[in-house]
Amino acid sequence: MTRPVRIAPSILSSDFSKLGEEISAIDAAGADYIHIDVMDGHFVPNLTFGPPVIKCVRGASKKPFDVHLMISPVDPFIQAFADAGADIITIHPEAGPHWHRTLQAIRSMGKKAGLAINPATPTEVLDHVMDLVDLILVMTVNPGFGGQAYIPLADKIADVRARIDATGRDIDLEVDGGITPETAKEVIKAGANVLVAGTSVFKNGPSAYASSIKALRG
Ligand code: DX5
Ligand code: ZN
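Here it is in structure tokens:
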């Protein structure tokens with residue numbers, strides 16, 4: 062089955078000194094979602110930005126803000142990210158023992174809820190929450206840094222695709238980490254429909270953003 066492929070550039074690889082301009086530029090270049098990696102130096106070994114920064118750049122694009130929370134605990138911060146302008150809020154099950162409750166909380170704030178699955182996390186974490194997710198994020202690197210090598214997990218992506226298709230609902234299957242025009246082919250074939258890409262979108266500079274995004278669609 063062919064489904065439209067959406068591209069979610071990760072602003073982790075952008076120039077932070079002009080974050081708003083970078084977001085406007087990837088929007089104009091054809092980005093479908095704006096992927097925002099939030100890291101706390103505890104759940105993952107790196108620090109990025111929080112709700113005040115997201116609020117500041119919210120006006121730079123009308124595209125959905127796809128906020129990937131790599132923080133623990135996560136529950137005390139959901140409201141702040143919702144208020145800052147997140148449209149999709151994705152959490153990791155390891156961020157707290159009650160991910161069913163966390164997904165419910167995101168939905169109750171009128172936001173789309175996502176669950177992220179690390180390379181070593183089994184897809185069984187989805188077993189009892191399929192009715193609560195709007196997006197499932199399969200990590201193809203261990204979270205924390207841009208520019209890492211893709212971990213081939215096509216069978217896992219296909220497993221998640223089968224779980225989504227069994228629901229009959231339009232749940233996004235997003236893949237994040239080491240996505241290039243080459244690895245994009247593999248993950249799309251396995252069933253992904255949203256590709257996060259940091260390095261491959263930003264590495265050749267603003268004049269190439271449109272062609273870099275186009276190259277990922279295959
Ligand atoms: C990693 C982040 C990714 C990262 C991807 O923890 O979740 O979104 O920015 O970067 P690339 O595309 O460079 O692997
Ligand atoms: Zn991410």
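In this text, residue positions in the sequence shown follow our numbering: the first is 62, and each later residue adds one. Just so it is clear, CB atoms sit at the ideal spot from N, CA and C, and this is done for glycine as well.
{"query": "Extent of the continuous alpha helix (DSSP H) to which V118 belongs", "result": "P112 to V118"}
{"query": "Proximity to I97 [Cα-Cα], best of K124, H129, K116 and V105", "result": "H129"}
{"query": "Contiguous beta strand (DSSP E) assignments of at least 3 residues, all confined to the segment 161-209", "result": "173-178 and 196-200"}
{"query": "Residue range of the unbroken beta strand (DSSP E) whose run includes L234", "result": "D233 to D237"}
{"query": "Whole-Å CB distance - V194 paired with A174, under 8 Å assumed", "result": "6 Å"}
{"query": "Cβ-Cβ separation, I115 to D93 (assumed contact under 8 Å), whole Å", "result": "At roughly 18 Å, the Cβ-Cβ gap does not stay under 8 Å, so D93 and I115 are not in contact."}
{"query": "DSSP beta-bridge partners of T18", "result": "Past the edges of the chain, shown from 62 to 279, lies residue 18, and the structure says nothing about it."}
{"query": "Cβ pair count under 8 Å reaching 3, the segment 158-177 against the segment 77-92", "result": "no"}
{"query": "Alpha-carbon spacing of P70 relative to I139, whole angstroms", "result": "22 Å"}
{"query": "Spatial distance of T182 from A215 (CA atoms)", "result": "14 Å"}
{"query": "Check: V248 C-beta below 7 Å from any heavy atom of the ligand ZN", "result": "no"}
{"query": "Terminal residues of the alpha helix (DSSP H) in which I97 lies", "result": "It is not in any alpha helix (DSSP H) - I97 instead sits in the beta strand (DSSP E) that spans I95 to M100."}
{"query": "Residues near I87 by beta carbon distance below 6 Å, same chain, minus five either side", "result": "P70 and Y270"}
{"query": "V199: CB within 7 Å of a non-hydrogen atom of the ligand ZN", "result": "no"}
{"query": "8 Å Cβ shell around R222 - same chain, five flanking residues per side excluded", "result": "L234, A251, G252 and A253"}
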